[in-house]
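Residues 1 to 304 in the UniProt record's numbering are what the sequence shown lists, from first letter to last.
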Amino acid sequence: MAANNSNPNNPTTNDEAVINEVIKTKTKRRGRRAADPNKEDNKGDSNVNKQGQDVNVDDQCGNCKSKVKDTDKAVACEICEVWFHTKYEEIPDEVYEFMVKGNQLFWCCTHCRFGCVKLHNRMGKIEKSQTEIVKRQVSLEAMVSGVKEEICKGQDRNKEIDQQQNQLSSMQQALSHTVQEVKDSLMANQGTHKELEERLGHMEAKSVKVCETVEKNEENTQELQGKVGVLEAKMLNVEEKSVQHDNCPEHGRVGNGPQPVAVGAVLRTDTVLTEIYDMKRRECNLYERGESQSEWSGGEVEAE
């Protein structure tokens, strides 16, 4: 491929310089095949163009299908890697010269351009979707991190629950022992309570008996007092008879002076009264304060 030279004096030298520059440019573009001016036209795969020429497929123009020579103004598409004459792609000479010098430029043919637009739109959508996916991924990663933290917290909480459960189990065992001790104590207290109730019942029965005995003793006391009164009356009668007996002339005492009393009769009466009183006390089971039954068990008085 070659560019037009404005100097007509030495066209060959200028054309060769341009060709060499274009060759260098082609060589630098993304591994493009460099145009070799010494290669044969019928080398490699060939195809028949409209004029019936055998041309290399790699050197065919994408529009006219003719061979692209090194002296032609042509550019290669960066997408389909097909050569095109500048006149078919409507590329001005100034732009072509600039493209030859600026080997870092990107160019695509008309056919690929429409596809590039669609591809660009599609890529934009893909990038947008990818951005959303990345955002969702970031959100999911944050959620996963949160879930991991919650899992760690849950594990810690489970450990605390296990510890509390162990403590509760220990407390439950201790409580069971305490309950058993309380039950045993209640059973013992129930036995003691029953014993106390029995003793209280016996005491109440004894109290009733004591009350009955007291009432009976009161009755016996009253009866004894009546008998004592009768005995006292009899004793007075005996004394009177004794006095009369002593004043009798047959016994040598006559007169109105004081007469001796029949001491033997009085002593016998006192002895009888004492025996009756002691007998009643034994029957009624009465004891005076400070006395015992042995002190007055033999309380008989000997008569003279």
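Built from N, CA and C at the ideal position, the CB exists for glycine as well. All of these numbers come straight from a predicted model, not from anything done at the bench.
#1: Given this structure, state the Cα-to-Cα distance separating LEU273 from MET203, to the nearest angstrom.
#2: Within this structure, are the beta carbons of PHE98 and CYS61 separated by less than 8 Å?
#3: Could you tell me which uninterrupted beta strand (DSSP E) segments, each at least 3 residues in length, are contained entirely in the stretch 79-161, listed from first to last along the chain?
#4: What's the gap between the Cα of THR271 and the Cα of LYS209?
#5: Taking 8 Å as the threshold (C-beta atoms), are CYS109 and CYS77 in contact?
#6: GLN73 and TYR88: beta carbons closer than 8 Å?
#7: How is CYS61 classed by DSSP in three states: helix, strand or coil?
#8: In angstroms, rounded to a whole number, what distance separates the CA positions of LYS67 and THR131?
#9: Identify the residues that DSSP records as bridge partners of VAL75: which are they?
#10: Do VAL117 and ILE91 have their C-beta atoms closer together than 8 Å?
#11: Can you have a look at LEU224 and say buried or exposed, based on whether 16 or more other CB atoms are within 10 angstroms of its CB?
#12: Flag this pair as yes or no: are the beta carbons of LYS234 and ILE276 separated by less than 8 Å?
#13: Provide the residue(s) that pair with LYS67 in DSSP beta bridges, ordered along the chain.
#14: GLU181 to GLN172, Cα distance in whole Å?
In short, the structure shows the following:
#1: 36 Å
#2: no
#3: 83-85
#4: 32 Å
#5: yes
#6: Reading the sequence as shown, one finds Lys at residue 73 and not Gln. No, these two residues do not count as a Cβ contact at 8 Å.
#7: strand
#8: 45 Å
#9: PHE84
#10: no
#11: buried
#12: no
#13: GLN60
#14: 14 Å
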